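Asks: Structure in structure tokens, see below.
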Amino acid sequence: MGGLKKSLFLGYSQSSVYEVVNELKSQVNELEIRNSQLLKPLRNLKIKNCLFRRLLLRLNVYLLI
Numbered sequence: 105m106g107g108l109k110k111s112l113f114l115g116y117s118q119s120s121v122y123e124v125v126n127e128l129k130s131q132v133n134e135l136e137i138r139n140s141q142l143l144k145p146l147r148n149l150k151i152k153n154c155l156f157r158r159l160l161l162r163l164n165v166y167l168l169i
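Numbered per the numbering used here, the sequence shown spans residues 105 to 169.
Rendered as structure tokens:
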């Protein structure tokens, strides 16, 4: 990521600020995509875990009878 370049009078140059902001937006977008990609398998695992627990409970009830 490029750094901010100081201008002579006003602090940082506008172009370097826009460049840094755009790079940060791009990184945020990539992380949001990655996050959504990871959430789907996590949801699937939670569903499988819930089904497995139900199955174990039914098995325990069946074995106790």
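Idealized CB from N, CA, C, for every residue including glycine.
Predicted, not measured: the structure shown is a model, and the values here were computed from it.
Would you please state the rounded distance, in angstroms, between the beta carbons of Ser117 and Lys109? I believe it to be under 8 Å.
Replies: Locating residue 117 in the sequence shown gives position 13, where the first residue counts as 1. Locating residue 109 in the sequence shown gives position 5, where the first residue counts as 1. Confirmed, Cβ separation roughly 5 Å.
Asks: May I have the straight-line CA-CA distance separating Gly115 from Ser140, to the nearest angstrom?
Replies: Along the sequence shown, one-based indexing puts residue 115 at 11. Along the sequence shown, one-based indexing puts residue 140 at 36. Cα to Cα, Gly115 sits roughly 38 Å from Ser140.
Asks: How big is the Cα-Cα spacing for Arg157 and Lys150?
Replies: Here residue 157 refers to the residue found at position 53 of the sequence shown. Here residue 150 refers to the residue found at position 46 of the sequence shown. Between Arg157 and Lys150, the C-alpha separation is close to 11 Å.
Asks: Please report the straight-line C-alpha distance between Pro145 and Asn126, rounded to a whole angstrom.
Replies: Taking the sequence shown and counting its residues from 1, one reaches residue 145 at position 41. Taking the sequence shown and counting its residues from 1, one reaches residue 126 at position 22. Each residue's alpha carbon lies about 30 Å from the other.
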